[in-house]
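Colleague: Here it is: the structure, laid out below.
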Amino acid sequence: MPRERPGRRRVLSAPLRRTLLAALIGAAIVGSVVLGGCSPSGAAVAMFPLEGGHRWVYRQTSTWENDVVERDELVITSRGADDLSGIGRAWHRRSDSGVDYWLRSDDSGVYRVASKNDTEAEPVADPAPRYVLRQPLVVGTQWQASTTAYLLRRRQEFPPEIRHTHAPVIMTYTIEAVGETVDSAAGRYSLCVRVKGTAQMRLFADPVQGWRDLPLTTTEWYCPGPGLVRVVREEPANSTFLVGGTQTLELNEWH
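Taken in order, the sequence shown gives residues 507 to 761; the numbers are from the working numbering.
Now the structure itself:
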């Protein structure tokens with residue numbers, strides 16, 4: 507039977523990093539866009555609300571290939587619009603994992619323009635918008651983002667986390683379905699958009715398999731009202747040198 511233990515809190519990816527969420531959340535699309543007016547705009551905002559006063563609580567479950575299961579909670583709050591020096595006006599979100607990020611929206615979608623972690627004194631501007639959701643919200647719409655291995659680890663070497671030693675790779679996101687119904691602990695949501703992101707990271711798996719292109723896959727569901735309802739991140743290793751796993755983030759409550 508899988509062993510369960512408390513897990514350390516992990517930052518969304520973007521995913522989530524995208525904004526991960528761009529984490530939560532991440533995507534690097536070349537272009538420059540300006541926040542218009544005082545209210546969020548664009549159809550994608552219905553699937554990713556930006557205005558202040560919201561709070562999302564997510565259940566996080568990490569299931570590792572070594573049969574360990576870790577459970578945690580992630581809380582995200584929306585703080586309203588800020589005027590950032592050198593960046594301009596943007597909508598502020600904060601994760602209790604210690605990451606702040608600022609977003610804008612227009613007819614191209616919802617995208618992140620800056621972020622800050624607890625070790626940084628000021629927000630750091632993204633060199634280009636990092637899309638959370640790209641319009642039009644129809645099957646086949648695609649965009650790209652940088653990502654890294656959030657789950658893959660070395661079994662013996664230090665540091666164990668692959669993301670600390672390997673450069674980010676490009677993930678391609680595609681809207682795979684619209685009009686889906688999603689059940690979560692927070693309720694049932696209809697007319698949801700399902701987005702899938704795929705990438706590969708070349709790693710030395712073990713002496714038998716040698717170098718392999720290991721898949722990184724993210725599936726996200728965005729629904730009218732709360733926005734992001736579920737994320738499933740899959741990073742299988744199937745290796746004697748590496749361990750991978752699956753991480754699920756599911757909305758537990760929001761207001």
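Where is the CB? At the ideal position from N, CA and C, for every residue including glycine.
(1) Would you report the Cα separation of P666 and P633, rounded to the nearest angstrom?
(2) DSSP puts F710 in a beta bridge; with which residues?
(3) Closest to E741 by CA distance: which of R669, N758, R694, G604 is it?
(4) If I measure Cβ to Cβ from Y607 and keep anything under 6 Å in the same chain, skipping five residues before and after, which residues do I get?
(5) Have a look at I681 and P642 and give me their C-alpha separation to the nearest angstrom.
(6) By DSSP, does H670 sit in helix, in strand, or in coil?
(7) Relative to the ligand PLP, is the shortest distance from any of its heavy atoms to the C-beta of E576 smaller than 7 Å?
(8) Thinking C-beta only, is Y728 closer than 8 Å to L722?
(9) Under 8 Å, do D712 and F747 count as touching if we go by C-beta distance?
(10) In this structure, does DSSP put A549 in helix, strand or coil?
(11) Within 10 angstroms of its Cβ, does A743 collect 16 or more other Cβ (buried), or is it exposed?
(12) If I follow the unbroken beta strand (DSSP E) through T687, where does it start and stop?
(13) How is G615 classed by DSSP in three states: helix, strand or coil?
(14) Measure the C-alpha to C-alpha separation of G685 and S611 and round it to an integer number of angstroms.
(15) Can you tell me which of the three DSSP states A627 falls into?
(16) How long is the line joining the alpha carbons of I593 and H672, rounded to whole angstroms?
(17) Give me the Cα-Cα distance between L527 and E726, rounded to the nearest whole angstrom.
(18) Can you name the start and end residues of the beta strand (DSSP E) that R661 belongs to?
(19) Alpha carbon to alpha carbon, what distance is there between P730 and N758?
(20) From the DSSP secondary-structure annotation, give me the bridge partner or partners of S621.
(21) Between H761 and L709, what straight-line distance do the alpha-carbon atoms span, to the nearest angstrom?
Modeller: Judging by the given coordinates:
(1) 29 Å
(2) W717
(3) R669
(4) T525, R599, R618, S621
(5) 9 Å
(6) helix
(7) As far as ligands go, the structure on display features none, and thus does not contain the ligand PLP.
(8) no
(9) yes
(10) helix
(11) buried
(12) 675-690
(13) strand
(14) 22 Å
(15) coil
(16) 29 Å
(17) Since pLDDT at L527 reaches only 36, below the 50 mark, its modelled position is unreliable, and the value read off the structure follows with that caveat. Going by the C-alpha atoms only, they are around 11 Å apart.
(18) Per DSSP, R661 belongs to no beta strand (DSSP E) and is neither H nor E.
(19) 16 Å
(20) Y607, V630
(21) 42 Å
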